[in-house]
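Peer 1: As they're listed, the protein sequences go chains A and B. Take any residue in the first sequence, count from 1 to its spot, add 185: that is its number in the numbering used here. Take any residue in the second sequence, count from 1 to its spot, add 49: that is its number in the numbering used here. Backbone N, C-alpha and C fix where the C-beta goes; we use that ideal spot for every residue, glycine too.
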Amino acid sequence: MIAEIGHFALILAFLLALIQGTVPMIGAARGDPAMMAVAKPAALLQLGLVAAAFLALIHAFTVSDFSVALVARHSHTLKPLIYKITGVWANHEGSMVLWVLILALFGAMIAGFGRNLPATLGARVLAVHGLVATGFFAFILFTSNPFVRLSPAPAEGQGLNPLLQDPGLALHPPFLYLGYVGFSISFSFAVAALIEGRVDPAWARWVRPWTLLAWCALTVGIALGSWWAYYELGWGGWWFWDPVENASFMPWLAGTALLHSAIVVEKRDTLKGWTVLLAILTFGLSLLGTFLVRSGVLTSVHAFATDPDRGVFILGLLILVTGGGLVLYAVRAPGLKGGGLFAPVSREGALVLNNLLLATAAAVVLLGTLYPLILDALGGGKVSVGPPFFEATFVPIVVPLLIACVIGSTLAWKRGDLSGVWSRLGVALVAAVAAAAAAAWRAGIEDLLAALGLGLAAWLFFGALAELAGRVGVGRVAAGSVLRRAANLPRSAWGMTVAHAGLGIVVAGVTASSAWQTERIQSMDPGDTVDVAGYSLTFRGVSETAGPNYRAVTGRFELERDGRLLAVLRPEKRDYPAERSQTTEAAIHTTWLADIYAVLGERSSTGAWTARLYHNPLVPWIWVGAIVMAAGGAVSLTDRRLRIGAPRRARRSPAVEAGAPP
Amino acid sequence: MILFAALAGMALFVVLCVLVPLLRPPEPPRPRAEHDVEIYRDQLAELERDRARGLVTESQLEASRTEIGRRLLAADAAAEETPEERAAPRTRAILAVVLAAAVPLAAGGLYVWQGAPLGPAIMEAGNADARTAERDTDMTTLVERLAERMEERPDDARGWRLLGRSLSSLERHSEAARAYGRAAALLPADADLKSLQGEALAAANRGTVTEEAEHLFAAALTIDPGEPRARFYLGLAALQKGDRDGALARWRALEAASPEDAEWLPMLRQRIAGLAPETDAGTARGPTREDVAAAREMLPEERARMIRGMVEGLAARLKEEPGDAEGWARLARSWRVLGEPEKERDALTALARLLPEDSPERAAVERRIETLRGSR
Chain A
186 MIAEIGHFAL ILAFLLALIQ GTVPMIGAAR GDPAMMAVAK PAALLQLGLV AAAFLALIHA
246 FTVSDFSVAL VARHSHTLKP LIYKITGVWA NHEGSMVLWV LILALFGAMI AGFGRNLPAT
306 LGARVLAVHG LVATGFFAFI LFTSNPFVRL SPAPAEGQGL NPLLQDPGLA LHPPFLYLGY
366 VGFSISFSFA VAALIEGRVD PAWARWVRPW TLLAWCALTV GIALGSWWAY YELGWGGWWF
426 WDPVENASFM PWLAGTALLH SAIVVEKRDT LKGWTVLLAI LTFGLSLLGT FLVRSGVLTS
486 VHAFATDPDR GVFILGLLIL VTGGGLVLYA VRAPGLKGGG LFAPVSREGA LVLNNLLLAT
546 AAAVVLLGTL YPLILDALGG GKVSVGPPFF EATFVPIVVP LLIACVIGST LAWKRGDLSG
606 VWSRLGVALV AAVAAAAAAA WRAGIEDLLA ALGLGLAAWL FFGALAELAG RVGVGRVAAG
666 SVLRRAANLP RSAWGMTVAH AGLGIVVAGV TASSAWQTER IQSMDPGDTV DVAGYSLTFR
726 GVSETAGPNY RAVTGRFELE RDGRLLAVLR PEKRDYPAER SQTTEAAIHT TWLADIYAVL
786 GERSSTGAWT ARLYHNPLVP WIWVGAIVMA AGGAVSLTDR RLRIGAPRRA RRSPAVEAGA
846 PP
Chain B
50 MILFAALAGM ALFVVLCVLV PLLRPPEPPR PRAEHDVEIY RDQLAELERD RARGLVTESQ
110 LEASRTEIGR RLLAADAAAE ETPEERAAPR TRAILAVVLA AAVPLAAGGL YVWQGAPLGP
170 AIMEAGNADA RTAERDTDMT TLVERLAERM EERPDDARGW RLLGRSLSSL ERHSEAARAY
230 GRAAALLPAD ADLKSLQGEA LAAANRGTVT EEAEHLFAAA LTIDPGEPRA RFYLGLAALQ
290 KGDRDGALAR WRALEAASPE DAEWLPMLRQ RIAGLAPETD AGTARGPTRE DVAAAREMLP
350 EERARMIRGM VEGLAARLKE EPGDAEGWAR LARSWRVLGE PEKERDALTA LARLLPEDSP
410 ERAAVERRIE TLRGSR
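1. Roughly how many angstroms lie between the CA atoms of Ala-366 of chain B and Glu-260 of chain B, to the nearest whole one?
2. Give me the DSSP bridge partner(s) of Lys-758 of chain A.
3. Determine the closest residue to Thr-445 of chain B out of B:Lys-290, B:Gly-295, B:Asp-99 and B:Ser-215, with distance taken between C-alpha atoms.
4. What is the DSSP secondary structure of Pro-169 of chain B, reduced to helix, strand or coil?
5. Taking C-alpha atoms, which residue in B:Ala-249, B:Ala-234, B:Leu-211 and B:Gly-208 lies nearest to Ala-226 of chain B?
6. Would you list, in chain order, the members of the stretch 387-420 of chain B that have their beta-carbon closer than 8 angstroms to a beta-carbon of chain A?
7. Buried or exposed: Met-50 of chain B, going by 16 or more other Cβ atoms within 10 Å of its Cβ?
8. Return yes when the Cβ of Ile-465 of chain A is within less than 8 angstroms of the Cβ of Ala-375 of chain A, no when it is not.
9. Compute the Euclidean distance between the alpha carbons of Thr-545 of chain A and Lys-457 of chain A, then round it to the nearest angstrom.
10. Could you work out which residues of chain A lie near Ile-88 of chain B, taking near to mean beta carbons separated by less than 7 angstroms?
11. Counting only beta-carbon separations shorter than 8 angstroms, does Val-63 of chain B have a partner in chain A?
12. Would Gly-712 of chain A pass as a contact of Trp-794 of chain A if the rule is Cβ separation under 8 angstroms?
13. Out of B:Arg-382, B:Arg-255 and B:Glu-369, point me to the one whose CA is closest to Val-360 of chain B's CA.
14. Less than 8 angstroms between CB atoms is the rule here; does Ala-194 of chain A satisfy it with respect to chain B?
15. If you count every other CB in all the chains shown that lies within 10 Å of the CB of Lys-599 of chain A, and 16 or more means buried, which is it?
16. With respect to the beta strand (DSSP E) encompassing Leu-8 of chain B, which residues constitute its N-terminal and C-terminal limits?
17. Once you ignore the five residues that flank Gly-315 of chain A on each side, which residues in its own chain have a CB closer than 6 angstroms to its CB?
18. Taking Ala-165 of chain B as the query, report the chain A residues whose CB atoms sit under 7 angstroms from its CB, ordered along the chain.
19. Check each residue of the stretch 213-227 of chain A: if its Cβ is closer than 9 angstroms to any Cβ of chain B, include it; give the result in chain order.
20. So with Cβ pairs under 8 angstroms, would you call Thr-305 of chain A a contact of chain B?
21. Among the candidates B:Ser-408, B:Glu-389, B:Glu-415 and B:Val-386, whose CA atom is the shortest distance from the CA of Leu-397 of chain B?
22. Just to check my reading of the structure: Leu-586 of chain A and Leu-543 of chain A have Cβ atoms closer than 8 angstroms, yes? What is that Cβ distance to the nearest angstrom?
23. Below 8 angstroms between beta carbons is the criterion; list the residues of the stretch 589-600 of chain A that meet it against any residue of chain B, in chain order.
24. Between the alpha carbons of Glu-220 of chain B and Glu-341 of chain A, how many angstroms are there, rounded?
25. For Val-727 of chain A, write down the residues that DSSP places opposite it in a beta bridge.
26. So, using beta-carbon positions, are Leu-302 of chain A and Phe-239 of chain A closer together than 8 angstroms?
27. Using only CA atoms, which one of B:Ala-311, B:Val-192, B:Arg-255 and B:Gln-109 lies nearest to Glu-729 of chain A?
28. From Tyr-362 of chain A to Ile-370 of chain A, what does the alpha carbon distance come to, in whole angstroms?
29. Within a Cβ cutoff of 6 angstroms, which residues of the same chain sit near Ile-171 of chain B, ignoring the five residues on either side of it in sequence?
30. Where does Lys-872 of chain A land, buried or exposed, given buried means 16+ other C-beta within 10 angstroms?
31. Quick one: which chain A residues come within Cβ less than 8 angstroms of Ala-112 of chain B?
32. Against chain B, with Cβ distances strictly below 8 angstroms, would Gln-350 of chain A count as a contact?
33. Run the CB neighbour count on Gly-216 of chain A, radius 10 Å, all protein chains shown included, and call it buried at 16 or more, exposed below.
34. Spell out the partners DSSP gives His-774 of chain A in its beta bridges.
35. With 8 angstroms as the threshold, decide whether the Cβ of Ala-243 of chain A is near any Cβ in chain B.
36. Should Pro-409 of chain B go down as buried or exposed, given a rule of 16 or more other Cβ atoms within 10 Å for buried?
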């Protein structure tokens, strides 16, 4: 009965989304406040209904109600409770319910926090949001209904792909969806603004927190996904330029561009058309990602729903949403008047360059992802576009972006000057050169590119700090007033510093781990010792253990350095009988400067085991840096100007708020 | 009945939530321009704060102030010409009636089409967790009790044998092997017990016939040369060492010696069929003895690659001669072993087309295809 209530809640949510998408839209066009007022309760109630459906699904999974076909296909009584719950979204239908749950959550948040939005804009934003939701509800109900029943119910379920039985799975999809779906808010704002016919600084101020929120979540989601790939797939790598990874990376690049161009709209009332276009394209890329993953044109661990019908539906939705947005843009954009002028060398100019490069990078990734599919569809045979393509094209675009990022952040609005760059960033340049030289000295001159990469990382990190130091007047004013200035600095400025410094940390991790990874693959008998990058690993044999729904062979490797035992690594090979498949569990010892990574391979007929052993320098920095970047976004989100109040009858004079004397 | 009451209540609640704002109009919203003015004032205040902190120069401040001031004036001017709102109570009332009727009807219609409103019976059957857990605990407590009793009466060979069988059915194979071992120690002349112990050992090693198990089977055959379990496993041991012909010879002999209604015969024949084509037909249908011998020398990865290569060869041949049902069946089996469910499904789909409609084989193949489709 609970499953039936969940099903009905989903149907009601679908109808409610349809109402939310139409009535307030008509209301806004007719200037009817009552019809516009329907939007808020509809959005709030929609969250309640989807949450009810989601809870019903969780209930079905936790009690193993195999009369629900989805549970029978993806769960098993022996599965630990946590994976019964995460199993809800480790399949196509359930993950779509999670998707609309987050969509409804954002809708309810606009309805709840959007009191300061002008009435017509608020109604239109919620209406567009309702229309997007309608499409997704229809997709769920008509092609991927999670509440389809089985009769008679099987006695046992078929289990969950063991690769997905991992704590990382509990967090990776929700964060990723928060990101993808968050960009639907930017999209709704963009389309509402186009319908309204006005994009002004106020609009940018409202759209920016939502974009920031989505961007932070997507950053964390991508980082979690790559971390999961790193420790679960057992290949010692953390990014494979896999189409599915690219599918999440493209909206991230476009979203990063949007984040920066929205600042220009807000501060300078220009770049409006471009920002609206970016908002549409970012969500379009999120949908494209969904289409690629769900249509079956790609095969990967994510492709748990390869069904042509679903692919066609998502493709239709993609064309409708993105195409509709772009058509509206073509009609309305010429009417968007640009505002302030600026010189090429200025903060605006730097942000334009940032957008140009980020958009190009996204386009390159898009090309590399779609080219094999298009070629295949046209009968051109199968090609695979792998890391070499992306390294040859993506890196040359990103390097100037990263160099300019630091310089741009020190330029003034409207008219900046490059002559002061040395005085502002000399320290960072020295640090960058020193880092590159140190790397070249340690790793040898032939690894020049890697040394330059580390120099770039130092440039970003210390550049961000130098910019902050310059802003608060380090070296120019007394220590006390430096502290006071730092405390008074807008949170958005702090956010930028933290995020850019985090980017520097990521670049260092990426460079070092790709350039200086050490790999040893060899057959080992118990007692054998292998040296990996100055560490020695001694194989001490294997033992068999049993987990709740798997059997495992656990190897034992003693990790030593200079004769001192540092850790015992226990990589596992797991055998899941219900799912008839195996997984590897890598054992990782991290020093935070490097990871020692061990994977147990096959057993040979002589009784020796194949072991894959890696030394990955600085690899933890990638995820630490990504989390720092997201934290920077979160700090920026707390900036007071993003909490703009609703109009009040009796306003305080702005001078009262003007703060302390200089 | 409770279900329908709950569903009706939900639909009613949704209708009410939509109708309330329609029928009780809220206060007229503030004009758009007021919101804009608010933002611009905030921007001016921010500028003032930046100046206070020394973040902007006087000339920048002046320029920005002029720019924002211009926008502020424009917004104020726009505020004067805010259009009248058009109240249309009649339209609202019609809309309210339409929604109040349409929402429950559409929801009910969709639900009757897609849901399982009359399915409480199948729903009761749902809670499988409890049932399986119950069965397992029952079985487990019984076995534990039996094990305790055996500690008190260690000379009861029949009891040890029963314990071994119970443990086997709980898939606790190594414990089962120990229990059979105790029984075999009491009855050293019982060939069957030795074979059961060997089988449990092999199962504990995931089907690998270890040396210890092989000794047990050999001992069983010295007592009773016809013991079928031992003969089968010695064949398997030969196969696992790469001695395909030896395995085939042992299994063929066992097949010939088995009575026609022996329960192991179908399984045995399938095993033989899995090995036979190579020796019978000979032409590029599977790995040759040399291939197998070569495979034994290889690293596991290389071996996997070689096996994959041979399977892919089979797949290519079948593209040329798609009418070979047996070939498709073998290809599907190979992909299954190699853990390639999608390719297995494709092979099965090709196989299903060759099988007669309504035949049990075809039904079985189609069931397997369904399973594969679902498990992804």
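Peer 2: A quick look at the data gives this:
1. Here residue 366 of chain B turns out to be Arg, not Ala, going by the sequence shown. Roughly 39 angstroms separates the two Cα atoms.
2. A:Val-738 and A:Thr-769
3. The requested residue 445 of chain B is not part of the displayed model; chain B covers only 50 to 425.
4. The predicted position of Pro-169 of chain B is uncertain, since its pLDDT is 45 and thus under 50; a value taken from the coordinates is nonetheless stated next. Helix, per DSSP.
5. B:Ala-249
6. Gly-388, Glu-391 and Thr-420
7. exposed
8. yes
9. 19 angstroms
10. Pro-386, Ala-387, Arg-390 and Ile-829
11. yes
12. no
13. B:Arg-382
14. yes
15. buried
16. Residue 8 of chain B is absent from the structure shown; chain B starts at 50 and stops at 425.
17. Ala-202, Gln-205 and Gly-206
18. Glu-189 and Arg-334
19. Arg-215, Gly-216, Asp-217, Pro-218, Ala-219, Met-220, Met-221, Ala-222, Val-223, Ala-224, Lys-225, Pro-226 and Ala-227
20. yes
21. B:Glu-415
22. 7 angstroms
23. Ala-597, Trp-598 and Lys-599
24. 17 angstroms
25. A:Gly-740
26. no
27. B:Arg-255
28. 13 angstroms
29. For Ile-171 of chain B, the predicted structure reports a pLDDT of 44, less than 50, and the residue's modelled location is therefore unreliable. A value from the coordinates is still provided. If we look at Ile-171 of chain B and ignore the five residues flanking it on each side, it has no Cβ neighbours.
30. Here chain A has residues from 186 to 847 only, and residue 872 of chain A is not among them.
31. Lys-599
32. no
33. buried
34. A:Ile-781
35. In the sequence under discussion, the amino acid at residue 243 of chain A is Ile, which differs from the Ala named in the question. Cβ-Cβ to chain B under 8 angstroms: no for Ile-243 of chain A.
36. exposed
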